[in-house]
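Single-structure report; data block below.
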Amino acid sequence: MYKIQNHKVSENQLRQTHLDQDGYERMYRQSIEQPDMFWAEQANRFVEWMQPWSKVHESNMEKGEAAWFVDAKLNVSVNCIDRHLKTRADQTAIIWEGDDPNDSRYITYRELHEEVCRLANVLKERGVKKGDRVCLYMPMIPEAAFAMLACARIGAVHTVVFGGFSPEALRDRIQNAECDVVITADEGVRGGKTVPLKQNVDKALTACPNVHTVVTVKRTGADVAWDEQKDVWYHEACAQVSKECTPEPMDSEDPLFILYTSGSTGKPKGVLHTTGGYLVSVALTHHYVFDYHDGEVFWCTADVGWVTGHSYIVYGPLCNGATTLMFEGVPTYPTASRCWEVVDKHKVNVFYTAPTAIRALMALGEEPVKSSSRESIRLLGSVGEPINPEVWEWYYQVVGDSRCPIVDTWWQTETGSILIAPLPGACGLKPGAAMRPMFGVVPALVDNEGNELDGVADGNLVIKQSWPSQIRTVYGDHHRLIETYFSTYKGVYFTGDGARRDADGDYWITGRVDDVLNISGHRIGTAEVESALVLNDYVAEAAVVGCPHDIKGQAIYAYVMPMKGVTLTDEVMAELKVAVSEQVGAFARPDFIQPTTGLPKTRSGKIMRRILRKIACDELDTLGDTSTLADPGVVDELVEHRLNRG
Ligand code: PRX
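Oh and the sequence shown: position 2 is 2 in the UniProt record's numbering, straight run, nothing missing.
Put into structure tokens, the structure is as follows:
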């Protein structure tokens, strides 16, 4: 157990935390024993409502149904902007740090109001109404946050597609969400390189006839193709409309956004979140997990294309009237000190990032960290993957100078907000442990048959009771919601993760127990990579697994069986890697592709992934029983030609 030593602390770090251990336990107990009373109080504290609820919540965990703050009305943009104008109109809402260290912008709450209202009016002029879906394919610029909030203001449902996705992946999402408007930028800028966003949109739209409007932010001024009917410049359109826009009163259960994420089977799922419960949960967790105090600068390094960016760059911090930092670039550009220079430049108090970024920085040594002061940092956060204890130690000792607690926050796109984390002041710290459930969250561990495990145990992580920011549906496929999350174990939400509970009752997340990979914190379904591989004329069958990688957490290892008569030459293999980048995105490019004449299948034709995983990880001692395979000989061939040797 780690004791936080408060040496070298500034006043800022010594100030009271919101909760101590007793406070947490009291609140947690109330949240479970009297949930309606607890949530009513928190909902009134964190969110401003236009109309009260008739019922705090109703749910059915067998059917995956949940409704929170039933019949209440609110508007998310009012909560994130208008509500703060009385007291903090001139406070910076968003600090934008550009890719180039000389580029930054400070947007006050008053300016945020104007920007959001103007864009909301542009959308309205182009016919966008409550319930319509708008796709955002944007770089990390303030306009991305304006666009999310503009949609929320008029009741449109945004679906943000990460700018690293290929035109094909973008097309699939626009089609699936039935969007008819896209907001983008001419180009994105990251690490000194440009990303042709508008060009990618144009490519995607050749197969999306319903899209009638593309609003483009001029980021670099690059030449882009232009369609007079469809294309609108963001700055021109915004200049021509009013700077006031009446917010749409939304039902608590009206959709706020759809965000695509990968599962173990089929195409990515459109996770749908609604309005009231989501906002209450992200505001409450932002306040308690990061122990956020008024006036602090909060920096979450995620991209707004992922749920972390939604909940902890935009909605949680802005709902709490915080100053949120948005960074366009990458941690190592122009130098390995960039993150810490940004911290010193903007006096960042809370720094929230992913283990993959910490590992990449750790590999570059202490010097680039030590050349900065980092004195303003009070708390460090981690999200997205298990953090190895040695990486945790480095983060704690080198980045945090052994004086800042680390909150290792476990959650998912589907959970909307943090569900398990060590609350500062209320929990000890154990390197690698996500520790304790948030208010109202009832985690449990079950064995493969669904029996609940008591005490110290290792099992499948499930959540037993509904929480406000719970996924409401898979867009357009409610059946998939039930099948994926509420059928594996009856009456509970199945996370897809494994976890261990120690003798103190603290939780340690051990990673996915399904076929979802986590590459540099990006969630990728093996099925997505496999379908990209078999889409061409060279590959008859493919099986993809993960293996450990020092920086990325996991690497992608693909086994491919060529079509009859095809030789998988180096050129063909290179083409296959490009094919995956094009179909999915560069981050899904396989690290290893091993050609093979066969795959280990059971007699009923099921691929035994366990064996493939062991070979990819070079763990040959624990291959296990191969006698049930239709052709056990195939294993020898796979082992002999394996590519990842210890
Ligand atoms: O496996 C868990 C891992 O990331 C998955 C969720 O990915 P995504 O929906 O993309 O959301 C990422 C950001 C919330 C989980 O199923 N994961 C997330 N946080 C942690 C984690 N694994 C271990 N420790 C964490 N703190």
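C-beta: ideal position from N, C-alpha, C; glycine also.
Per DSSP, cross-strand counterpart(s) of residue i
i	result
serine 382	Thr353, Asp408
aspartate 251	Lys73
phenylalanine 290	BP columns for phenylalanine 290 are empty, so no partner.
tryptophan 299	Leu325, Phe351
phenylalanine 592	Tyr557
aspartate 231	Val214
tryptophan 508	Arg500
cysteine 135	Thr159, Val182
leucine 517	Ile524
arginine 190	Lys193
isoleucine 387	DSSP output for isoleucine 387 lists no bridge partner at all.
serine 104	Glu97
glycine 546	Ile556
methionine 27	DSSP, once it has assigned bridges, lists no residue as partnering methionine 27.
alanine 444	Val462
methionine 563	BP columns for methionine 563 are empty, so no partner.
Contact set for residue i: own chain, Cβ-Cβ below 7 Å, skip 5 residues either direction
i	result
tryptophan 233	Thr216, Lys218
glutamate 11	In this prediction, glutamate 11 scores a pLDDT of 45, lower than 50, which makes its location untrustworthy; the coordinate-derived value is nonetheless stated afterwards. No residues qualify anywhere along the chain.
valine 238	In the sequence on display, residue 238 carries cysteine and not valine. Once the five neighbours on either side are set aside, the close Cβ partners of cysteine 238 are Arg118, Leu119, Val122.
residue 647	Within the shown structure, residues of the chain are numbered from 1 to 646, placing residue 647 beyond reach of any answer.
valine 456	Arg501, Asp502, Ala503
arginine 88	Tyr109, Gly321
aspartate 202	Ala225
arginine 645	Asp618
serine 262	Pro268, Val516, Arg523, Ile524, Gly525, Glu528
aspartate 231	Val214, Thr216
threonine 622	Lys614
lysine 124	Ile154
asparagine 79	Val47, Glu48, Leu279, Cys319
Near the ligand PRX: residue i beta-carbon under 7 Å from a heavy atom
i	result
glycine 496	yes
arginine 512	yes
proline 437	no
alanine 72	no
asparagine 518	yes
alanine 357	no
glycine 164	no
proline 386	yes
valine 369	no
aspartate 408	yes
tryptophan 411	yes
tryptophan 306	yes
isoleucine 313	no
threonine 285	no
valine 441	no
valine 383	yes
isoleucine 509	yes
threonine 261	yes
alanine 169	no
arginine 500	no
alanine 322	no
arginine 613	no
alanine 147	no
Other residues of its chain near residue i: CB distance less than 8 Å, five sequence neighbours each side excluded
i	result
residue 647	What the structure shows of the chain is the stretch from 1 to 646, and residue 647 is not part of that stretch, so it cannot be assessed.
histidine 235	Val217, Lys218
tyrosine 507	Trp410, Ile420, Ala433, Ala434, Met435, Arg436, Pro437, Pro443, Leu461, Ala499, Arg500, Arg501
lysine 577	Arg589, Pro590, Ile593
glutamate 62	Phe486, Lys490, Gly491
proline 334	Pro101, Gly192
isoleucine 81	Ala93, Tyr109, Leu112, His113, Val116, Leu149, Leu318
Cβ shell of residue i (< 6 Å), same chain only, five flanking positions each side left out
i	result
glutamate 253	Ala67, Thr274
alanine 336	Leu364, Pro368
glutamine 470	Ala66
arginine 472	Leu272, Thr274
arginine 603	Ala630
alanine 222	Asp186, Glu187
tryptophan 299	Leu325, Val348, Phe351
isoleucine 4	At isoleucine 4, the pLDDT of 46 sits below 50, so the modelled position is not reliable and the matter cannot be decided from this model.
Practice problem: Taking 8 Å as the threshold, find out whether the segment 159-169 comes into contact with the segment 575-595 through three or more Cβ pairs. | Solution: By the Cβ rule, the segment 159-169 counts as touching the segment 575-595, because three or more pairs are nearer than 8 Å.
Quiz item: At a cut of 8 Å, does the segment 443-455 reach the segment 307-324 through at least three beta carbon pairs?
Solution: Contact fails between the segment 443-455 and the segment 307-324, because fewer than three Cβ pairs, one in each stretch, are under 8 Å apart.
Quiz item: Three or more C-beta pairs closer than 8 Å, one from the segment 527-538 and one from the segment 566-578: is that the case here?
Solution: Yes: the two stretches touch, three or more of their Cβ pairs being nearer than 8 Å.
Quiz item: Is there contact between the segment 98-116 and the segment 48-65, where contact requires at least three CB pairs shorter than 8 Å?
Solution: No, the segment 98-116 is not in contact with the segment 48-65.
Practice problem: Count the C-beta pairs between the segment 134-154 and the segment 183-197 that are closer than 8 Å, then say yes if the count reaches three, no if not. | Solution: Cβ pair count under 8 Å is three or more, so yes.
Quiz item: Taking contact to mean at least 3 C-beta pairs separated by less than 8 Å, is the segment 153-162 in contact with the segment 121-137?
Solution: By the Cβ rule, the segment 153-162 counts as touching the segment 121-137, because three or more pairs are nearer than 8 Å.
Quiz item: Is the number of C-beta pairs between the segment 376-384 and the segment 399-419 that are closer than 8 Å three or more?
Solution: Segments in contact, yes.
Practice problem: Determine, using beta-carbon pairs with one atom in the segment 68-82 and one in the segment 43-55, whether at least three such pairs fall under 8 Å. | Solution: Judged by Cβ distances under 8 Å, the segment 68-82 makes contact with the segment 43-55, as three or more pairs qualify.
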